[in-house]
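*Asks:* Chains as they are written, first to last, in my numbering: chain A, 2 to 435; chain B, 2 to 435.
Structure below; questions to follow.
There are 2 protein chains.
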Amino acid sequence: MPPAVITIAELAAHAGETVTLRGWVYNWRKKGKLRFIILRDGFGYLQCVVFEPEVDPAVWEAAVALTQESSVVVTGTLVADERAPGGYELKVTGIETIQVAPEYPIGKKDHGPDFLLNHRHLWLRSRRQHAIMRVRSELSQAIRDFFYSRSYTLIDSPILTPAAAEGTSSLFETDYFGEAKAYLSQSGQLYLEPAAAALGKVYCFGPTFRAEKSKTRRHLTEFWMVEPEVAWLRFDGLLDLCEEFLAEIVARVIDRCRVDLERLERDTTKLEPATRRPYPRIDYGDAIVKLQSLGQQIQFGGDFGGDDETVLAEQYDRPVMVTRYPAQVKAFYMQLDPADPIRALAVDVLAPEGYGEIIGGSERSDSLEHLERQIAAHGLPREAYEWYLDVRKYGSFPHSGFGMGIERCVAWLCGVPHLRETSPFPRLINRLYP
Amino acid sequence: MPPAVITIAELAAHAGETVTLRGWVYNWRKKGKLRFIILRDGFGYLQCVVFEPEVDPAVWEAAVALTQESSVVVTGTLVADERAPGGYELKVTGIETIQVAPEYPIGKKDHGPDFLLNHRHLWLRSRRQHAIMRVRSELSQAIRDFFYSRSYTLIDSPILTPAAAEGTSSLFETDYFGEAKAYLSQSGQLYLEPAAAALGKVYCFGPTFRAEKSKTRRHLTEFWMVEPEVAWLRFDGLLDLCEEFLAEIVARVIDRCRVDLERLERDTTKLEPATRRPYPRIDYGDAIVKLQSLGQQIQFGGDFGGDDETVLAEQYDRPVMVTRYPAQVKAFYMQLDPADPIRALAVDVLAPEGYGEIIGGSERSDSLEHLERQIAAHGLPREAYEWYLDVRKYGSFPHSGFGMGIERCVAWLCGVPHLRETSPFPRLINRLYP
Numbered sequence: 002m003p004p005a006v007i008t009i010a011e012l013a014a015h016a017g018e019t020v021t022l023r024g025w026v027y028n029w030r031k032k033g034k035l036r037f038i039i040l041r042d043g044f045g046y047l048q049c050v051v052f053e054p055e056v057d058p059a060v061w062e063a064a065v066a067l068t069q070e071s072s073v074v075v076t077g078t079l080v081a082d083e084r085a086p087g088g089y090e091l092k093v094t095g096i097e098t099i100q101v102a103p104e105y106p107i108g109k110k111d112h113g114p115d116f117l118l119n120h121r122h123l124w125l126r127s128r129r130q131h132a133i134m135r136v137r138s139e140l141s142q143a144i145r146d147f148f149y150s151r152s153y154t155l156i157d158s159p160i161l162t163p164a165a166a167e168g169t170s171s172l173f174e175t176d177y178f179g180e181a182k183a184y185l186s187q188s189g190q191l192y193l194e195p196a197a198a199a200l201g202k203v204y205c206f207g208p209t210f211r212a213e214k215s216k217t218r219r220h221l222t223e224f225w226m227v228e229p230e231v232a233w234l235r236f237d238g239l240l241d242l243c244e245e246f247l248a249e250i251v252a253r254v255i256d257r258c259r260v261d262l263e264r265l266e267r268d269t270t271k272l273e274p275a276t277r278r279p280y281p282r283i284d285y286g287d288a289i290v291k292l293q294s295l296g297q298q299i300q301f302g303g304d305f306g307g308d309d310e311t312v313l314a315e316q317y318d319r320p321v322m323v324t325r326y327p328a329q330v331k332a333f334y335m336q337l338d339p340a341d342p343i344r345a346l347a348v349d350v351l352a353p354e355g356y357g358e359i360i361g362g363s364e365r366s367d368s369l370e371h372l373e374r375q376i377a378a379h380g381l382p383r384e385a386y387e388w389y390l391d392v393r394k395y396g397s398f399p400h401s402g403f404g405m406g407i408e409r410c411v412a413w414l415c416g417v418p419h420l421r422e423t424s425p426f427p428r429l430i431n432r433l434y435p
Numbered sequence: 002m003p004p005a006v007i008t009i010a011e012l013a014a015h016a017g018e019t020v021t022l023r024g025w026v027y028n029w030r031k032k033g034k035l036r037f038i039i040l041r042d043g044f045g046y047l048q049c050v051v052f053e054p055e056v057d058p059a060v061w062e063a064a065v066a067l068t069q070e071s072s073v074v075v076t077g078t079l080v081a082d083e084r085a086p087g088g089y090e091l092k093v094t095g096i097e098t099i100q101v102a103p104e105y106p107i108g109k110k111d112h113g114p115d116f117l118l119n120h121r122h123l124w125l126r127s128r129r130q131h132a133i134m135r136v137r138s139e140l141s142q143a144i145r146d147f148f149y150s151r152s153y154t155l156i157d158s159p160i161l162t163p164a165a166a167e168g169t170s171s172l173f174e175t176d177y178f179g180e181a182k183a184y185l186s187q188s189g190q191l192y193l194e195p196a197a198a199a200l201g202k203v204y205c206f207g208p209t210f211r212a213e214k215s216k217t218r219r220h221l222t223e224f225w226m227v228e229p230e231v232a233w234l235r236f237d238g239l240l241d242l243c244e245e246f247l248a249e250i251v252a253r254v255i256d257r258c259r260v261d262l263e264r265l266e267r268d269t270t271k272l273e274p275a276t277r278r279p280y281p282r283i284d285y286g287d288a289i290v291k292l293q294s295l296g297q298q299i300q301f302g303g304d305f306g307g308d309d310e311t312v313l314a315e316q317y318d319r320p321v322m323v324t325r326y327p328a329q330v331k332a333f334y335m336q337l338d339p340a341d342p343i344r345a346l347a348v349d350v351l352a353p354e355g356y357g358e359i360i361g362g363s364e365r366s367d368s369l370e371h372l373e374r375q376i377a378a379h380g381l382p383r384e385a386y387e388w389y390l391d392v393r394k395y396g397s398f399p400h401s402g403f404g405m406g407i408e409r410c411v412a413w414l415c416g417v418p419h420l421r422e423t424s425p426f427p428r429l430i431n432r433l434y435p
């Protein structure tokens, strides 16, 4: 019987056995009659040791010929060894070389971000990018499980839309069969509101697009956003939902991505407070006073800059929820605060450590008249919103929701400063390749 | 203490109690001093009975004023009643009217598809559309759980791409900051292949776009596609994966969407064989002979038409896997069959009952030279595929994958003939609204 073919995720179940692994040479070094090959297979890394006196000459020859990122099938005895990285080592008995790779473009030296992004398809093979992608994947599943386990219905909102939620200046536009212009969606929210009337609790989770000409480390032109929308949920319930959501998904990533977070050298003690509720909640007005006392220039009525967000968030060990912003700095569809109608029932959740806003949400206006006035005041074409207004015409109901761009959340969880590393193939203002 | 606020999904736990429900009037009828109100809340339907002699005059007045799709908060005693649809009935004691709706546009009479699609935001409230959306949501989660539980890493492939996987004629195009043209992705596959080299087993699951001028019931311009890509997986393993995948997700939907499938009057005995492996596998050549014997005009070398697919699939009680198509009718990146190099190691999975192709997959070519020739032969710009070719340059490896558009799968599971009902807000050649 040939040896079991396993992955590096399955080592523990096969200690002492002869096994076969398939993967790529991540790294190698020589020491006399020894070759140490670090094999990576997408699931982990394993040190494979080839000792010339103990192997067939053809195996030794194959080992010596291997270069970085050559593809191989390796057979050997799996030995538990405390000194080995990961706790196991493979005593190689056989090597089947699939392909010897030519000199690999990504070496040990520091490459600039442009070089690495040009080679994103290869850069993903590095330990750090691998770990970030695993965190992103776990986070995405955690988000879906959160909503699935609470009986939300997934509603995939359309990407091709006839009108814009928040103006057309930052929209990608495409011709739609010579008949119309279509715009790439910036948010599924307007579509989720009628869906919430049909299905009670709904969410969407898909790519969204912003043709903003911003070159900051906190913007991508294409990113994935999750947006729940809940019928009968009022503002206070929305704040609870944001908190419950973040606490659960952060706890899950810390729990299931330990190896990846270690590889990223992420100090998870900085993340752990975010798994504990409650989060601090601060009224926008109080936040302004606090920011002014901390030396910020912001005035009541203004929206926060990135710097304001950082300074405010640094006051807390976990995400902080800033509530009841002035209506004028927020989107047209928000419910006004009955206690202070210049304010909207809006919340922004700011991540700690300078990672900025990760969630924005609000109670939505349930008043047809208010929305009609808002649409006129914003100069939006009424006929494009007729269907949206129908939500307030046929059985209007209180409802709330939020949106979270997952790349910012991944950046925070992984402790990476630039969003370009949080997306498998990031799209930036000057970057559409590969 | 006020009564518990519950949803119609939670009735069983509250029989005999006084409860409050929030929702919309799905339907109502009168009978003397009785008003029967069918309440829907997004989770189900509940008959609420108002009996004039037993309620406050204001409650009776409120009940009488309610119209279809008015929003209400209803309180009453929940009574188990075998005769009631769903097994429970609410003896109403209180009604809080949130909004009385004006005449609802969607009535009992038959509306044409255009009318219904123009009112898609309201049409979603109907029993049938509600059920389809629940099936779609369950299917999507089943797909994610399938891959998550098997240690696949989710890789969100980009939507904005610089080049096309399969030619540019059916692509939506957008200007990218005045610097370049970007095309909306038709498939994430080319991006998944390098990701498989980095992470072993990967999948993407997101919207894809086809600007095809086809007006058939089996085409949408925007649809969601799931695509796994697996390193070291050869063609036979791919066939097993397709089968394992379909069998598991179909079984899960049958199991967890019983109520929805009943509401759709779907005969699930027609679906059940698909939960049992193996599926029939038929060589393309044998399929041609069989089709000819069944009176079809198709010749060896041609691709199947929708009619051929239907006729062939009708021979089986479960999905049938057609293998090893002529390379010339398939995409450029496929591995040729070593036993017969005019064939590609490609598989199409055809659903029963005339629902046609739901999965297309293949082993991918691992030969740099073959792909270079293919790219030249198809007149594709080599420089746009440089990064893709790198997958064969730096540690080439056997790998396979498939794609499934979920709308076709939803149509099959639900037994709906037209894809327009399988998407929350479908996009067709003549349909971009709402």
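For each residue, glycine too, the CB sits at the ideal point set by N, CA and C.
On a predicted model such as this, the values are computed, not experimentally measured, just so you know.
1) Roughly how many angstroms separate the alpha carbons of P114(B) and R278(A), rounded to a whole number?
2) Go ahead and pull the three-state DSSP assignment for S138(B).
3) Give me the residue from Q48(B), R41(B) and A16(B) with the minimum Cα distance to R30(B).
4) Applying the 10 Å Cβ sphere with the 16-neighbour rule, what's the burial state of D237(A)?
5) Since M134(A) meets chain B, which of its residues come closer than 9 Å, beta carbon to beta carbon?
6) Provide the residue span of the alpha helix (DSSP H) that contains F246(B), from first to last.
7) So with Cβ pairs under 8 Å, would you call F178(A) a contact of chain B?
8) Using only CA atoms, which one of A181(A), L239(A) and E370(A) lies nearest to R282(A)?
9) Report the neighbours of D391(A) on chain B: residues whose CB is nearer than 7 Å to its CB, in chain order.
10) Can you tell me whether P163(B) sits near the ligand SAH, meaning its C-beta is under 7 Å from at least one heavy atom of the ligand?
11) What residues in the stretch 29-50 of chain B have a beta carbon less than 8 Å from any beta carbon of chain A?
12) Of the residues A63(A), K110(A) and L117(A), which one's Cα is nearest the Cα of A102(A)?
13) By Cβ distance below 8 Å, which residues in the same chain neighbour E18(A) in space, the five residues on each side in sequence not counted?
14) Need the endpoints of the beta strand (DSSP E) that I39(A) sits in, please.
15) Got a sec, what are the start and stop residues for the alpha helix (DSSP H) D268(B) sits in?
16) Can you give me, in chain order, the residues of the stretch 213-247 of chain A that have a beta carbon less than 8 Å from any beta carbon in chain B?
17) Under 9 Å between beta-carbons, which chain B residues line up against T76(A)? List them in chain order, please.
18) Flag F147(B) as yes if its beta-carbon sits less than 8 Å from any beta-carbon of chain A, otherwise no.
19) In terms of alpha-carbon separation, which member of R129(B), G416(B), T209(B) and L140(B) lies closest to S158(B)?
20) Mapping the DSSP letters down to three states, classify K202(B) as helix, strand or coil.
21) Please compile the residues from chain A whose C-beta is within a distance smaller than 7 Å of the C-beta of I430(B).
22) Counting only beta-carbon atoms, is E174(A) nearer than 8 Å to chain B?
23) Return the first residue and the last residue of the beta strand (DSSP E) that Q48(B) is part of.
24) Which residues mark the beginning and the end of the beta strand (DSSP E) in which D176(B) is found?
25) If we count Cβ pairs, one from each stretch, closer than 8 Å, do we get three or more for the stretch 389-397 of chain A versus the stretch 349-360 of chain A?
26) Could you check if T175(B) is buried or exposed, using at least 16 other CB atoms within 10 Å of its CB as the buried criterion?
27) Taking A232(B) as the reference, which of R428(A), L91(A), F44(A) and Y434(A) has the closest Cα?
28) Using 8 Å as the limit for Cβ to Cβ distance, is S397(A) near chain B?
29) Report the neighbours of Q142(B) on chain A: residues whose CB is nearer than 8 Å to its CB, in chain order.
30) Does the beta-carbon of A378(B) have 16 or more other beta-carbons within 10 angstroms, so that it is buried, or is it exposed?
31) Assuming Y389(B) is part of the beta strand (DSSP E), what are its boundary residues?
32) Please confirm if S170(B) has its CB atom under 8 Å from at least one CB of chain A.
33) Check the Cβ of S366(A) against every Cβ in chain B and list those closer than 8 Å, keeping chain order.
34) Closer than 8 Å is the cut-off here; do at least three beta carbon pairs connect the stretch 129-136 of chain B with the stretch 175-184 of chain B?
35) What is the rounded straight-line gap between the Cα of A248(B) and the Cα of D304(B)?
36) Would G251(B) pass as a contact of T276(B) if the rule is Cβ separation under 8 Å?
*Replies:* Working from what's here:
1) By one-based count along the second sequence, residue 114(B) stands at place 113. By one-based count along the first sequence, residue 278(A) stands at place 277. Whole-angstrom Cα-Cα distance: 48 Å.
2) Sequence index remark: in the second sequence, residue 138(B) carries index 137 (1-based). It is helical.
3) By 1-based counting over the second sequence, the position of residue 30(B) is 29. If we check each option's Cα against that of R30(B), Q48(B) comes out closest.
4) What you label residue 237(A) is simply residue 236 of the first sequence in a count that begins at 1. With fewer than 16 other Cβ atoms within 10 Å, it is exposed.
5) Against the first sequence, residue 134(A) aligns to sequence position 133. Simply T154, L155, I156, A196, A199, L200 and V203.
6) Indexing the second sequence from 1 puts residue 246(B) at position 245. Where F246(B) is concerned, the enclosing alpha helix (DSSP H) stretches over F236 to R257.
7) By one-based count along the first sequence, residue 178(A) stands at place 177. Answer yes: the Cβ-Cβ gap between F178(A) and chain B drops below 8 Å somewhere.
8) For this step, residue 282(A) is matched to residue 281 along the first sequence. Here the closest residue by C-alpha is L239(A).
9) Sequence index remark: in the first sequence, residue 391(A) carries index 390 (1-based). By Cβ distance, chain B contributes H122 and L123.
10) Ligands are entirely absent from the displayed structure, and the ligand SAH is therefore not among its contents.
11) D42, G43 and F44
12) Position 101 of the first sequence, counting from 1, holds the residue named residue 102(A). For A102(A), the nearest C-alpha among the options comes from A63(A).
13) One-based indexing of the first sequence puts residue 18(A) at position 17. Counting only Cβ-Cβ distances below 8 Å, and skipping sequence neighbours, we find P4, A5, T78 and L79.
14) The sequence position of residue 39(A) within the first sequence is 38, counting from 1. Taken as a continuous stretch (DSSP letters only), the beta strand (DSSP E) holding I39(A) covers L35 to R41.
15) The residue given as residue 268(B) occupies position 267 in the second sequence. Counting along the chain, D268(B) falls outside any alpha helix (DSSP H), and DSSP gives it neither H nor E.
16) K214, T222, E223, W225, A232 and W233
17) Residue mapping note: residue 76(A) aligns to position 75 of the first sequence, counting from 1. The contacting residues do not exist; T76(A) stays about 14 Å from chain B at best.
18) In the second sequence, the residue the question calls residue 147(B) occupies position 146. Taking Cβ atoms only, chain A never reaches closer than 8 Å to F147(B), which makes this a no.
19) For the purposes of this step, residue 158(B) is taken as the residue at position 157 of the second sequence. Looking at the Cα atoms, T209(B) is the closest of the given residues.
20) Taking the second sequence and counting its residues from 1, one reaches residue 202(B) at position 201. Strand at K202(B).
21) Indexing the second sequence from 1 puts residue 430(B) at position 429. Those within 7 Å of I430(B) in chain A are F178.
22) Residue mapping note: residue 174(A) aligns to position 173 of the first sequence, counting from 1. Yes, its Cβ sits closer than 8 Å to a Cβ of chain B.
23) Taking the second sequence and counting its residues from 1, one reaches residue 48(B) at position 47. That run of the beta strand (DSSP E) goes Y46 to F52.
24) Locating residue 176(B) in the second sequence gives position 175, counting from the first residue. Element bounds for D176(B): E174 to Y177.
25) no
26) Taking the second sequence and counting its residues from 1, the one referred to as residue 175(B) is at position 174. T175(B) should be labelled buried.
27) On the second sequence, position 231 is the one that residue 232(B) refers to. Answer by Cα proximity: F44(A).
28) By 1-based counting over the first sequence, the position of residue 397(A) is 396. Yes, because at least one Cβ of chain B sits closer than 8 Å to the Cβ of S397(A).
29) Numbered from 1 along the second sequence, position 141 holds the residue referred to as residue 142(B). The contacting residues are R145, Y149 and L155.
30) Within the second sequence, numbered from 1, the residue matching residue 378(B) stands at position 377. So A378(B) counts as exposed.
31) Mapped onto the second sequence, residue 389(B) falls at position 388. From DSSP, Y389(B) is part of no beta strand (DSSP E) but of the alpha helix (DSSP H) over E387 to K394.
32) Mapped onto the second sequence, residue 170(B) falls at position 169. It does not: the Cβ of S170(B) has no partner Cβ on chain A nearer than 8 Å.
33) Residue numbering aside, residue 366(A) sits at position 365 when the first sequence is read from its first letter. The premise fails here: S366(A) is roughly 13 Å from chain B at the closest Cβ pair, so nothing lies under 8 Å.
34) no
35) The sequence position of residue 248(B) within the second sequence is 247, counting from 1. The sequence position of residue 304(B) within the second sequence is 303, counting from 1. Using only the alpha carbons, I get a separation of about 26 Å.
36) Locating residue 251(B) in the second sequence gives position 250, where the first residue counts as 1. Locating residue 276(B) in the second sequence gives position 275, where the first residue counts as 1. Before going further, note that residue 251(B) is Val rather than Gly in the sequence given. Yes, they are a contact pair.
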